[in-house]
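J.: My questions all concern the structure below.
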Amino acid sequence: MTTDTPIVHRKTGALPALITLCLSLGVMSFVTAQKAEAAQPMTSTPVTSETLSTRQQAIPRIAAFMATSDMPKLNTALNQGLNAGLTVSESKEILVQLYAYVGFPRSLNALNELMSVVQARKQRGIHDEPGREPGHAIPTGEALLVAGLANQTRISGGPVKGPVFEFAPVINQFLQTHLFGDIFERDNLDWQSRELATVGALAATPGVESQLRSHMLASMRVGLSSAQLRQVIALLAEHGDEQTAKRANAALTQALAASGKGR
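Going left to right, the sequence shown walks through residues -38 to -1, 1 to 225 as mature numbering (1 follows the signal peptide of the UniProt record, and there is no 0) numbers them.
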């Protein structure tokens, strides 16, 4: 993984540092695959690091506090993320994506909080890098289904099948056209960042342990190392909730055992 260059407080007139985007991604209960950096083809193999960048460290905290609707802590985490180099576009994309995991109400509330944070920082003379919108048009119709199916297959490591999809085939259609299509085709947030957000949100949500375990595996498939994921757990324990960290630790332990990597 190409590590990001941390960015400190950006005042008006200060020259913003460059942010390196590694295109990767995260998703539902079957995820994983890879996009390397924005300028590189999606099929390139990500380079694994042993530590999270300062920018990456902010993402699971933002996600966890969004999932629990803890607005004071979310406010702090959003400020820390912007200070660490997240662009406004990336911050918005994290909160938009997570509606698929924790619901529209929490997503809308979190986006409103981000809007307030950005406005307050601007009033204090802090210039936050706006970032960019997706670099290509999102396909529609049959082309969207084709793109979503390809993304889903790549991230899950093969065709997604199972009793639940036979029982309710429409849910997989929604996954392929919307989650893996509409959302994952948006290249303004790298796949590793999407997985970090998903892990943070699911760890903070009781009752979704199997999906959390799947996303731990997905995180490693998109290039995050077990050491980085243990760092996520430590961050959640330090800045979040004890039960959130315990769920994340159990899921990673199980994922490592399933992948044959042990501890």
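Yeah, the Cβ is synthetic: ideal placement off N, Cα and C, and Gly gets one too.
Along the alpha helix (DSSP H) that carries residue 67, what are the first and last residues, could you check?
T.: What you label residue 67 is simply residue 105 of the sequence shown in a count that begins at 1. Per DSSP, residue 67 belongs to the alpha helix (DSSP H) from 66 to 85.
J.: Who does residue 56 pair with in a DSSP beta bridge?
T.: As a working note, residue 56 is residue 94 in the sequence shown. The partner list for residue 56 (beta bridge, DSSP) is empty, contrary to what the question assumes.
J.: Would you call residue 52 buried or exposed, if buried means 16 or more other Cβ atoms sit within 10 Å of its Cβ?
T.: The count along the sequence shown starts at 1 and reaches residue 52 at position 90. Under this definition residue 52 is a buried residue.
J.: Helix, strand or coil for residue 100 per DSSP?
T.: Within the sequence shown, numbered from 1, the residue matching residue 100 stands at position 138. Note: residue 100 maps to coil in three-state DSSP.
J.: Quick check on residue -11: does DSSP put it in helix, strand or coil?
T.: Here residue -11 is taken as the residue at index 28 of the sequence shown, counted from 1. Model confidence at residue -11 stands at a pLDDT of 38, short of 50, so the residue's coordinates are unreliable; what they give is reported in the following sentence. DSSP places residue -11 in coil when its eight states are reduced to three.
J.: Whether or not the stretch 198 to 215 and the stretch 164 to 174 are in contact is what I'm after, with contact meaning three or more pairs of Cβ atoms, one per stretch, closer than 8 Å; do they touch?
T.: Short answer: they touch.
J.: Distance check for residue 102 and residue 159, CA to CA, integer angstroms please.
T.: Residue mapping note: residue 159 aligns to position 197 of the sequence shown, counting from 1. Residue mapping note: residue 102 aligns to position 140 of the sequence shown, counting from 1. C-alpha separation (whole angstroms): 26 Å.
J.: Pick from 64, 152, 58 and 99: whose alpha carbon is nearest that of residue 252?
T.: As displayed, the chain neither begins before -38 nor continues past 225, which places residue 252 out of reach and without an answer.
J.: Kindly provide the ranges of any alpha helix (DSSP H) runs that are 4 or more residues long and lie completely inside the stretch 21 to 52, ordered along the chain.
T.: Within the stretch 21 to 52, the complete alpha helix (DSSP H) runs of at least 4 residues are 33 to 46.
J.: Tell me the residue span of the alpha helix (DSSP H) that contains residue 138.
T.: Translated into positions along the sequence shown, residue 138 becomes position 176. Counting along the chain, residue 138 falls outside any alpha helix (DSSP H), and DSSP gives it neither H nor E.
J.: Would you call the stretch 138 to 148 and the stretch 91 to 111 in contact, with 3 or more CB pairs under 8 Å?
T.: With a cut-off of 8 Å, the stretch 91 to 111 and the stretch 138 to 148 count as touching, because enough Cβ pairs lie within range.
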